[in-house]
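S.K.: Going by our numbering, the final residue of the sequence shown carries number 959, and the count climbs one at a time with no gaps. Just so it is clear, CB atoms sit at the ideal spot from N, CA and C, and this is done for glycine as well.
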Amino acid sequence: MWWSAAQVPPREQSSHLSSSPCTHQTSRTPRTVATSRSSPDDTAIVGCVSEGNDCEYRKVIMDFVDWCELNHLQVNASKTKEMVIDFSRKPSSDIAPVNIQGLDIERVRTYKYLGVHLNNKLDWTDNTDSLYKRGQSRLYMLRRLGSFGVCRPLLRTFYETVVASVVSYAVVCWVGGCSERDKKRLNRLIKRASSVCGCPLALHRVVSNAWLETLLSAINALPKETIKQEVLNPLLYQSQLSHSLQARLASCRILGKVACKFDSHIVKKELLPLIRSLCQDVEFEVRACMCRQLESIARVTGVDDTRTELLPELVELAEDEESSVRLAAFDTIINLMEMMDSDDRLHVVVPLVMSVCEVSSQVDEAILASLSFQFGKLCSGLAGCLSDEQKGRLLQRFKVLCVAGLQTEGNQTDANSESTLIRCNCCYNLPAMVVFADSAHFLSELYPSFSSLCCDPEVSVRRSAAASFHQVVKLLGSNVQLVHKEHLALLQDDALEVLDALMNHLEETLEAVLSRGENLALDNKFPELLSALLLAEQKVGCSLRWRLHEKLLQRYSCLARLLPGELLHQSFSPRIFIILTTNKVLPVQKEAARTFCTFLRYNRKQEQRQEMMERLIQDLAQGRSYWNRLRFLDVCEMATEIFSRKYFNKHFLIPALELVHDPVANVRYKLCQLLPRLRSSLRLPGDKQLLQQLDFCVQKLLCREKDKDVVATIRKTVLELDKLDLTEPFHKRQERDLLDQKKEKEETLLLEMEQLERQQSEGKPNSEKHTERKRKEMRKAKLSRSRSLSSQPTTSKANSDRPLKVKDLSSMSGPGKSSMLSSKDDSLRTAHFTMATQSTMPVLIRSNTTSLLDRAITLDHRTSTMDQRDHRTSTLDHRTSNLDHRNNMGEQRTSTVDHRTSTLDHRTSTIDQRDHRTSSMDQRDHRTSTLDQRSKTMDRGCGVKDSQSRKLSI
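Here's what the structure looks like:
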């Protein structure tokens with residue numbers, strides 16, 4: 006029997022070149038066509054040859070080679086090997102090698118296929134040697150860890166992930182045919198690892214676990230009949246106490262997987278008795294494993310059967326003497342809480358949780374870790390079943406868990422991983438506890454615990470607090486200022502892992518923090534937040550974690566719609582521009598370019614936008630360093646996605662096209678790659694001139710370019726430009742046009758908002774000056790009136806005549822009335838001022854005190870009368886203006902009627918003209934008929950004359 010395995014390199018490329026003319030505008034360039042081929046990786050052909058007839062085997066190989074040629078796959082014959090496996094007593098040695106593409110394939114004794122070493126005897130000795138060597142090298146690292154005093158659980162984890170993964174690779178393939186000698190060698194290796202880890206390890210356990218995992222993954226694909234015959238029958242036998250512990254543990258896992266394939270009545274009839282027996286097993290490992298599988302079984306059986314059959318078993322297991330069994334029962338009951346009604350929760354779950362909380366100081370730390378992880382789910386599910394006292398006890402238990410493992414003096418830890426895990430779980434459940442305690446009581450109930458978790462000495466705890474910070478901020482609502490100090494502490498944390506966790510939801514956090522209105526800018530906490538954000542960026546920028554720096558810049562782009570443009574322009578925009586020009590990491594530069602363009606787009610100040618654009622043009626597009634000019638092209642690439650076509654063509658396109666004259670080939674190369682994107686932003690006929698400039702750049706690059714890479718790129722770009730309008734689907738183009746229109750509307754709206762703000766800022770001082778001027782005039786008028794009324798006693802007669810005059814004037818109507826009122830009012834005001842200037846002080850001195858009081862009362866009365874007169878005058882003016890408006894409307898209507906009348910007259914005259922023309926045509930027809938009759942008469946006369954002349958001739 007022959008076995009040929011063809012394995013070729015990952016990619017083999019062969020290209021053929023042919024030139025054909027390709028027209029682009031007025032230039033002609035050769036078109037380059039490249040055909041690439043891949044290789045059929047890890048392909049094996051197996052053929053059985055009997056009695057020396059190998060024609061069919063060779064035909065299969067040739068057919069495979071032909072198929073590869075048809076499907077653009079290239080077989081590397083030099084790396085293809087052939088192995089002959091012959092178990093006959095007299096192996097034939099005259100077998101001709103296989104020939105592929107004119108080369109004889111090399112025949113080998115052993116071959117490594119997909120990580121497994123195969124030889125021509127199939128005894129797995131070579132594979133065992135390879136596994137033993139690799140396991141020895143990994144075992145050395147395990148011993149070094151043991152010499153450093155690493156704990157046993159960590160050593161066990163290292164063994165399973167590093168050593169056992171190598172030794173047990175593809176174990177289900179070779180363990181059945183492996184010799185006893187090879188098994189002993191691998192067992193010796195595993196025993197050495199067990200002595201280092203301090204726990205029993207064996208090869209047969211590794212093999213059984215591998216087979217078990219294979220079976221569990223295959224159950225989903227097996228039919229029910231096969232599972233009943235091949236799995237359930239052996240399962241009933243393997244679950245008995247007479248079998249080994251490993252067999253019973255495997256039965257528990259298989260039961261949990263198989264139950265999902267059958268209906269509830271089959272599970273209740275055939276599997277529940279076996280499940281009860283395993284739950285009462287003498288070994289606690291079996292009880293714990295079966296308890297873990299009860300959750301999946303309960304979801305198959307339903308609510309009623311779970312309540313009557315499985316829940317009593319879980320309650321009994323929750324009181325088991327072994328902590329691992331109690332932990333498994335506790336987790337299963339909490340996970341099944343959604344399937345329980347209120348009575349079961351009140352009589353089963355609540356007593357269980359309260360008992361665990363009361364004796365938590367004496368409970369195993371594993372149960373405490375599980376309780377801390379499930380605490381939020383417990384409180385949410387039991388909120389309607391708890392009394393106020395029980396809620397207080399749960400909150401008090403949560404506060405104790407938040408400081409588990411912390412010493413009160415100096416805030417030191419006991420270096421216990423379980424305590425750190427408990428505090429991390431408390432951070433995970435913080436949002437649920439805020440809902441449970443009500444955000445109104447956050448300050449009194451949860452704030453001390455929240456503050457201690459945000460300032461925990463362990464980095465993992467602070468990272469967990471930062472990961473759930475955005476949810477807490479959302480739940481607090483208007484009380485978000487309570488956690489301002491903790492927010493700053495997390496932003497200024499020395500560990501970058503904390504900042505990384507906080508950046509994942511920075512936008513949501515800032516939206517909740519900055520949603521307190523316009524008075525936030527006057528708050529002293531606002532500058533602290535901005536400075537903390539800037540310091541966080543600088544700290545990340547100084548580190549080597551460029552991916553975190555890229556993420557941070559991406560999250561900072563949300564500040565464009567959360568902060569005023571003035572603050573962004575003063576603090577963040579300069580820093581982003583410095584990153585754009587000085588940072589050497591390309592992803593960070595591109596993200597800085599995107600963020601800078603976002604700040605530019607949402608800035609509503611025309612002067613600031615102009616300043617930012619000038620800085621881009623001067624420092625990048627026209628910069629002295631070619632590196633900066635490359636960055637400008639990156640900015641243009643981002644600008645095509647952020648800005649509308651109109652804005653991009655106005656501010657970015659021309660500076661980008663001017664780089665065609667750049668002396669550095671890298672800049673021109675980058676510009677050639679960007680040309681299709683620039684072309685897609687142009688639309689005819691509006692952008693005709695810009696399109697001509699772009700065509701000029703393409704022609705210049707085609708005609709004058711000397712760099713071979715740029716020439717090859719521009720030729721490829723020309724082909725893309727030719728196909729740009731043809732290959733793009735219509736719906737995509739329409740979607741892009743709609744998106745561009747939306748961007749343009751947003752930019753127009755931003756400009757209108759800027760103009761409105763400017764008008765309001767300019768109109769506010771003018772309105773204030775106008776109102777102040779009116780106030781001064783009113784004061785002067787009142788003062789002059791009082792002086793005029795108090796200075797001359799003769800003015801009483803004139804004042805007594807005024808109401809009569811106003812009354813007489815009120816009977817008038819039309820514009821004459823308003824003019825008379827205005828003239829009278831002006832004359833009265835001038836009279837007041839003249840009388841005030843002509844009055845003399847001795848008049849007031851000669852009067853006694855009573856006369857002064859009477860005159861003062863009289864003056865007040867007269868002043869109020871004058872105010873009433875002014876009000877009446879304004880009312881008359883308003884009525885007059887209304888009458889004028891109505892007269893104007895009447896005149897407009899009259900003019901409209903006149904216009905319509907004139908139009909009708911014009912149409913009537915047109916009709917008359919048409920009638921006249923018709924009558925003229927009738928007259929012409931009459932004249933024509935008369936002329937016809939005359940011509941006929943003349944013809945008759947001519948005929949008579951002709952007959953007479955004939956007679957005369959005869």
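Counting Cβ pairs closer than 8 Å, one from the segment 149 to 158 and one from the segment 112 to 128, do we hit at least three?
M.R.: no
S.K.: Using DSSP with H/G/I as helix, E/B as strand and the rest coil, what is Arg112?
M.R.: Counting from 1 along the sequence shown, the entry for residue 112 is found at position 107. Strand.
S.K.: Confirm the yes/no value for this check: CB of Glu394, any heavy atom of the ligand SAH, distance under 8 Å.
M.R.: As for the ligand SAH, it is missing from this structure, which has no ligand bound.
S.K.: Report the three-state DSSP secondary structure of Thr48 (helix, strand or coil).
M.R.: For the purposes of this step, residue 48 is taken as residue 43 along the sequence shown, with counting starting at 1. Looking at Thr48 - three-state DSSP - the assignment turns out to be strand.
S.K.: Between which two residues does the beta strand (DSSP E) harbouring Leu123 extend?
M.R.: As a working mapping, residue 123 is identified with position 118 in the sequence shown. 121 to 124 is the extent of the beta strand (DSSP E) around Leu123.
S.K.: For Ala442, which residues of its own chain have a beta-carbon under 7 Å away from its beta-carbon, when the five flanking residues on both sides are left out?
M.R.: Within the sequence shown, numbered from 1, the residue matching residue 442 stands at position 437. Excluding residues within five positions, the ones whose Cβ falls inside 7 Å are Leu400, Glu450, Leu451.
S.K.: For Leu689, does the three-state DSSP call read helix, strand or coil?
M.R.: Translated into the one-based positions of the sequence shown, residue 689 becomes position 684. Looking at Leu689 - three-state DSSP - the assignment turns out to be coil, as it is neither helix nor strand.
S.K.: Answer yes or no: do Leu515 and Leu564 have a C-beta to C-beta separation smaller than 9 Å?
M.R.: Residue mapping note: residue 515 aligns to position 510 of the sequence shown, counting from 1. Residue mapping note: residue 564 aligns to position 559 of the sequence shown, counting from 1. When the beta-carbon positions are compared, Leu515 and Leu564 come within less than 9 Å of each other.
S.K.: Should Asp346 go down as buried or exposed, given a rule of 16 or more other Cβ atoms within 10 Å for buried?
M.R.: Here residue 346 refers to the residue found at position 341 when the sequence shown is read from its first residue. Answer is exposed; the Cβ neighbour count stays below 16.
S.K.: From the DSSP output, read off the bridge partner residues of Lys1031.
M.R.: In the structure as shown, the chain starts at 6 and stops at 959, and residue 1031 therefore has no counterpart that could be examined.
S.K.: Between which two residues does the alpha helix (DSSP H) containing Ile195 stretch?
M.R.: Translated into the one-based positions of the sequence shown, residue 195 becomes position 190. Looking at the DSSP string, the run of the alpha helix (DSSP H) that includes Ile195 is 185 to 202.
S.K.: Below 8 Å on the Cβ atoms is my contact criterion, and I expect Met508 with Lys556 to pass it. Report the Cβ-Cβ distance as a whole number of Å.
M.R.: Numbered from its first residue, the sequence shown carries residue 508 at position 503. Numbered from its first residue, the sequence shown carries residue 556 at position 551. 5 Å between Cβ atoms; contact.
S.K.: Give me the residue from Thr313, Cys265, Gly107 with the minimum Cα distance to Gln298.
M.R.: For the purposes of this step, residue 298 is taken as residue 293 along the sequence shown, with counting starting at 1. That would be Cys265, whose Cα lies nearest to the Cα of Gln298.
S.K.: Please go through the same chain and pick out, in chain order, the residues whose beta-carbon is closer than 8 Å to the beta-carbon of Asp712, but skip the five residues on each side of it.
M.R.: Residue numbering aside, residue 712 sits at position 707 when the sequence shown is read from its first letter. Closer than 8 Å at Cβ, skipping near neighbours: Ala670, Arg673, Tyr674.
S.K.: Name the DSSP bridge partner or partners of Ser329?
M.R.: Looking up residue 329 in the sequence shown gives position 324. DSSP output for Ser329 lists no bridge partner at all.
S.K.: Which residue's Cα is closest to the Cα of Glu318: Asp187, Val353, Glu343, Pro436?
M.R.: The count along the sequence shown starts at 1 and reaches residue 318 at position 313. Checking every option, the nearest Cα to that of Glu318 belongs to Val353.
S.K.: Just to confirm, are Val358 and Leu322 a CB contact at a threshold of 9 Å?
M.R.: Translated into the one-based positions of the sequence shown, residue 358 becomes position 353. Translated into the one-based positions of the sequence shown, residue 322 becomes position 317. No; because the gap between Cβ atoms is not below 9 Å, this pair is not in contact.
S.K.: Count Cβ pairs between the segment 491 to 506 and the segment 458 to 469 that sit closer than 8 Å; are there 3 or more?
M.R.: yes
S.K.: Return no unless some Cβ of chain C is closer than 9 Å to the Cβ of Leu399.
M.R.: Looking at the structure shown, chain C is missing, and only one protein chain is on hand.
S.K.: Taking all protein chains shown into account, do 16 or more other C-beta atoms lie within 10 angstroms of the C-beta of Leu965, making it buried, or fewer, making it exposed?
M.R.: Absent from the structure is residue 965, since the part of the chain shown begins at 6 and ends at 959.
S.K.: So for Ile100, helix, strand or coil by DSSP?
M.R.: Within the sequence shown, numbered from 1, the residue matching residue 100 stands at position 95. DSSP places Ile100 in coil when its eight states are reduced to three.
S.K.: Out of Leu625, Lys610, Pro569, point me to the one whose CA is closest to Gln594's CA.
M.R.: Along the sequence shown, read from residue 1 onward, the residue named residue 594 stands at position 589. Looking at the Cα atoms, Leu625 is the closest of the given residues.
S.K.: Spatial neighbours of Lys117 within its chain, please: CB distance less than 6 Å, with the 5 preceding and 5 following residues excluded, ordered by chain position.
M.R.: As a working note, residue 117 is residue 112 in the sequence shown. Around Lys117: no qualifying Cβ.
S.K.: Once you ignore the five residues that flank Leu687 on each side, which residues in its own chain have a CB closer than 6 Å to its CB?
M.R.: Within the sequence shown, numbered from 1, the residue matching residue 687 stands at position 682. Non-local beta-carbon contacts of Leu687 in its own chain, meaning distances under 6 Å to residues more than five positions away in sequence, involve Leu695, Leu696 in chain order.
S.K.: Give a yes or no on whether the C-beta atoms belonging to Val305 and Val272 are separated by under 9 Å.
M.R.: Along the sequence shown, read from residue 1 onward, the residue named residue 305 stands at position 300. Along the sequence shown, read from residue 1 onward, the residue named residue 272 stands at position 267. Yes.
S.K.: Please report the straight-line C-alpha distance between Trp551 and Thr586, rounded to a whole angstrom.
M.R.: Numbered from its first residue, the sequence shown carries residue 551 at position 546. Numbered from its first residue, the sequence shown carries residue 586 at position 581. Each residue's alpha carbon lies about 16 Å from the other.
S.K.: Taking DSSP as the reference, what is the three-state secondary structure of Ser562?
M.R.: The residue given as residue 562 occupies position 557 in the sequence shown. Coil at Ser562, not helix or strand.
S.K.: For Phe447, which residues of its own chain have a beta-carbon under 7 Å away from its beta-carbon, when the five flanking residues on both sides are left out?
M.R.: By one-based count along the sequence shown, residue 447 stands at place 442. So the qualifying residues of the chain are Val439, Leu481, Asn484, Leu487.
S.K.: Given that a residue counts as buried once 16 or more other Cβ atoms are within 10 Å of its Cβ, and exposed if not, what is Arg709?
M.R.: In the sequence shown, counting from the first residue as 1, residue 709 sits at position 704. Looking at its Cβ environment, which holds fewer than 16 other Cβ atoms inside 10 Å, Arg709 is exposed.
S.K.: What would DSSP say about Cys27, mapped onto helix, strand or coil?
M.R.: Taking the first residue of the sequence shown as 1, we reach residue 27 at position 22. Since pLDDT at Cys27 reaches only 34, below the 50 mark, its modelled position is unreliable, and no value is offered.
S.K.: Specify the secondary structure class of Asn340 as computed by DSSP and reduced to three states.
M.R.: Position 335 of the sequence shown, counted from the start, is the residue given in the question as residue 340. Helix.
S.K.: Could you say if the segment 196 to 206 and the segment 235 to 242 meet the contact criterion of at least three C-beta pairs nearer than 8 Å?
M.R.: no
S.K.: Does the separation of the CB atoms of Leu699 and Val723 fall below 9 Å?
M.R.: The residue you call residue 699 lines up with position 694 of the sequence shown. The residue you call residue 723 lines up with position 718 of the sequence shown. It is not a contact, given that the beta carbons lie outside the stated cut-off.
S.K.: For Thr130, which option in Thr915, Cys547, Arg190, Val103 has the closest C-alpha, if you only look at C-alpha atoms?
M.R.: Working through the sequence shown from its first residue, we reach residue 130 at position 125. It is Arg190 whose Cα lies nearest to the Cα of Thr130.
S.K.: By Cβ distance, which residues of its chain are closer than 6 Å to Arg898, with the 5 residues on each side in sequence left out?
M.R.: For the purposes of this step, residue 898 is identified with residue 893 of the sequence shown, where counting begins at 1. Hits under 6 Å: none found.
S.K.: Counting C-beta neighbours from all protein chains within 10 Å, is the total for Lys748 16 or more, i.e. buried, or is it exposed?
M.R.: To locate residue 748, count along the sequence shown from 1; it is residue 743. Buried, since its Cβ has 16 or more Cβ neighbours within 10 Å.
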